[in-house]
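One structure is given below, encoded as structure tokens.
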Amino acid sequence: MATVLEQAANPWRKIYVGVLTRVDPHPNADREVVAEVDVGWRRLTVVTGGPHVEVGRKVALALPGARGVDAASPVPRARKLKKGSIRGVLSEGMLCSARELHLSDDHSAIYVLPPAAAVGATLTEALLQPAAAVSTRAVFPSPRIPEGGRR
Numbered sequence: 001m002a003t004v005l006e007q008a009a010n011p012w013r014k015i016y017v018g019v020l021t022r023v024d025p026h027p028n029a030d031r032e033v034v035a036e037v038d039v040g041w042r043r044l045t046v047v048t049g050g051p052h053v054e055v056g057r058k059v060a061l062a063l064p065g066a067r068g069v070d071a072a073s074p075v076p077r078a079r080k081l082k083k084g085s086i087r088g089v090l091s092e093g094m095l096c097s098a099r100e101l102h103l104s105d106d107h108s109a110i111y112v113l114p115p116a117a118a119v120g121a122t123l124t125e126a127l128l129q130p131a132a133a134v135s136t137r138a139v140f141p142s143p144r145i146p147e148g149g150r151r
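Under this note's numbering, the first residue of the sequence shown is numbered 1, with each subsequent residue one higher.
The following block contains the structure:
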């Protein structure tokens, strides 16, 4: 179980990069779809009503136990995700909006990740560039050294 400090240090715990591999209409709902999401080690079924759900898109998939903002609530509040049945179809996770990820107030659609995001990576790995990726070359020009090597 994550401590409060661990949760604060990594608010995207249990949220991974997935790719949508299949999208079908929900058999019992007009505004929802049943999506299959590949997270690298497993394919999961997710029920969602968010727009931008298209095969091949990279998305942020929250697994059971993930904590996020309950974007449907008029007053933002934290919630812990659970696996459950939505209108008769088991949903094993949730496709997240930017609001649910604490990235912005936008809850109009699911958050679509760049095509280069690695399937199976944590959301932290996908969104935060490692320090090694930053150039170690000097940002400022080197001081001009006069002939003879002395300043």
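We treat Cβ as the ideally placed atom computed from N, Cα and C, and that holds for glycine.
For residue i, the nearest candidate out of the options (CA to CA)
| i | options | result |
| --- | --- | --- |
| GLY88 | ARG42, ARG99 and HIS26 | HIS26 |
| ASN28 | SER85, VAL39, CYS96 and GLU100 | SER85 |
| TRP41 | GLU125, GLY120, LEU128 and THR124 | GLY120 |
| ALA154 | VAL55, ASP105, ALA60 and HIS107 | Residue 154 falls outside the range modelled here, since the chain spans only 1 to 151, and no answer is possible. |
Contact set for residue i: own chain, Cβ-Cβ below 7 Å, skip 5 residues either direction
| i | result |
| --- | --- |
| HIS52 | ALA109, ILE110 and VAL112 |
| PRO115 | LYS58 |
| VAL39 | TYR16, GLY18, LEU61, VAL119 and GLY120 |
| LEU20 | ALA35, VAL37, VAL53, GLU54, VAL55, GLY56, ARG57 and VAL59 |
| ASP105 | ARG99 |
Residue i: CB within 7 Å of a non-hydrogen atom of the ligand NAD
| i | result |
| --- | --- |
| ARG22 | Here there are no bound small molecules, and the ligand NAD is not part of this structure. |
Cut-off 6 Å between Cβ atoms - residues of its own chain near residue i, not counting five sequence neighbours on either side
| i | result |
| --- | --- |
| GLY65 | LYS14 |
| GLU32 | HIS26, VAL47 and GLY49 |
| GLU92 | LEU44, THR45 and LYS83 |
| ALA117 | VAL17, LYS58 and ALA126 |
| ASP24 | VAL34 |
Cβ separation of residue i and residue j, assumed to be a contact under 8 Å, to the nearest whole Å
| i | j | result |
| --- | --- | --- |
| GLY18 | VAL34 | That belief does not hold up - the Cβ atoms of GLY18 and VAL34 are roughly 14 Å apart, past 8 Å. |
| ARG128 | TYR16 | The sequence shown places Leu at residue 128, not Arg. About 14 Å separates the two Cβ atoms, so there is no contact after all. |
| VAL55 | ARG99 | 24 Å between Cβ atoms; not a contact. |
| ALA62 | LEU90 | Not quite, the Cβ-Cβ distance comes to about 15 Å (not below 8 Å), so this is no contact. |
Three-state secondary structure assigned by DSSP to residue i
| i | result |
| --- | --- |
| ALA78 | strand |
| LEU185 | Shown here, the chain extends from 1 to 151; a query on residue 185 therefore has no answer. |
| LEU123 | helix |
| SER108 | coil |
| LEU90 | strand |
| LEU128 | coil |
| LEU103 | coil |
Original post:
Enumerated in chain order, which unbroken segments of the beta strand (DSSP E) with a length of 3 residues or greater are wholly contained in the region 8-74?
Top reply: 15-25, 33-38, 43-48, 58-62 and 67-69
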